[in-house]
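Numbering (the numbering used here), first residue to last: 1075 to 1339. What follows is a set of notes on a single structure, which appears directly below.
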Amino acid sequence: MYKITRLAPKFLICSLIIMSALSFFSCTSNKNLVYLRNLGNRDSLVFPKQNAEPLLQIGEVLYVRIVSINKEINDLFNLDNNNNLSNASDASISLKGFTINSEGYIRLPVIDTVLVAGLTITNAERVIQERVDTYFKNATVILKSLNTKVSVLGEVNRPGSFVLAKSEINVLEALAMAGDVNQFGDKRNVTIIRSIGGNNVTYTIDLTDKNILKSKEFYLYPNDVVIINPLSMKAFRMSSPTFSLFFAGLTALVGTVSLLYTIYK
């Protein structure tokens, strides 16, 4: 019993250090829990919007509708008179629209090819309108992008692709559609993948920093991919059942040693 009396204090100290260290590493910093945590308590702050209208990309599908009092013109151009495209599948979308080819053109009946890649929806609509005006009178062009969706992956509650109901959406709205970041997600390390001019460009943003509100990356483009990266301690936290058993055993052992130390000191 002398050995137990002699070694017990050191054992207790080491056990407390191990338990404290494991508890520390299993905790998530408050800095990663709160969106825009440095926003402050002011009544109002103004952050200028830095979003720009996205440019049309190769492979994008456009819905071109030409409205005229001439029924023949309407039937010629309008592949589908149903404007409700929210529930359309990718296959039906390709049939209802005009795909921008590898050279950046769409091919319209009678009008032939029109270069639209690299233009905004507004400018592309104007270019098509000018071409239509040379063939028909009193015809109005309506242009929309059909495959306007974003994908949210990684540490969110409902990962997937989401069709955009409006032309402008920010990353917080996209995360809301994906059920928000889960307990393992790192809000300070969010990756956005965007296709620009045939190249994939990546951005890393911090959703806990208020300055994201005035960043160009705060607003998403169609077909953006948002990835919520895991916390560095995810692997540790995923093993929490094993560590719980370890803690229970260690606690029982510490209690036994403490009792023996009290009795035989």
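Idealized CB from N, CA, C, for every residue including glycine. All values derive from a computational prediction rather than experimental measurement.
Backbone secondary structure at residue i - three-state DSSP
i       : result
Asp1186 : strand
Arg1374 : Residue 1374 lies beyond the range of the chain shown here (1075 to 1339); nothing can be said about it.
Lys1218 : strand
Val1292 : As written in the sequence, residue 1292 is Phe, which differs from the Val given in the question. If DSSP states are grouped into helix, strand and coil, Phe1292 belongs with the helices.
Asn1263 : strand
Asn1144 : coil
Ser1160 : Bear in mind that the predicted position of Ser1160 carries a pLDDT of just 48, short of 50, making it unreliable; the figure below should be weighed with that in mind. The answer is coil: DSSP assigns Ser1160 none of H, G, I, E or B.
Lys1223 : strand
Ile1202 : helix
Ile1301 : strand
Ile1270 : strand
Nearest neighbour of residue i, chosen from the options [CA to CA]
i       : options                               : result
Pro1296 : Pro1122, Gly1133, Tyr1109 and Arg1111 : Gly1133
Asn1221 : Gly1171, Thr1187 and Val1215          : Gly1171
Tyr1137 : Glu1127, Ile1143, Glu1177 and Val1190 : Val1190
Phe1210 : Lys1145, Lys1240 and Val1224          : Lys1145
8 angstroms Cβ cutoff met for residue i and residue j
i       : j       : result
Val1275 : Asp1254 : no
Leu1193 : Leu1129 : yes
Leu1227 : Val1184 : no
Asp1280 : Arg1262 : yes
Val1141 : Ile1216 : yes
Exposure label - residue i; buried when at least 16 CB within 10 Å
i       : result
Leu1294 : buried
Val1300 : buried
Phe1121 : exposed
Pairwise C-alpha distance: residue j and residue i
i       : j       : result
Phe1099 : Gly1272 : Confidence in Phe1099 is poor, its pLDDT being 49 and thus under 50, which makes the residue's placement too unreliable to answer from.
Thr1265 : Asn1112 : 21 angstroms
Lys1218 : Asn1197 : 12 angstroms
Ile1302 : Met1251 : 14 angstroms
Pro1260 : Pro1304 : A quick correction: the sequence has Asp, not Pro, at residue 1260. Approximately 5 angstroms, taken between the alpha carbons.
Gly1234 : Ser1225 : 6 angstroms
Any non-hydrogen atom of the ligand GTP closer than 7 angstroms to residue i Cβ
i       : result
Leu1246 : The ligand content of the structure shown is nil, which means the ligand GTP is not present either.
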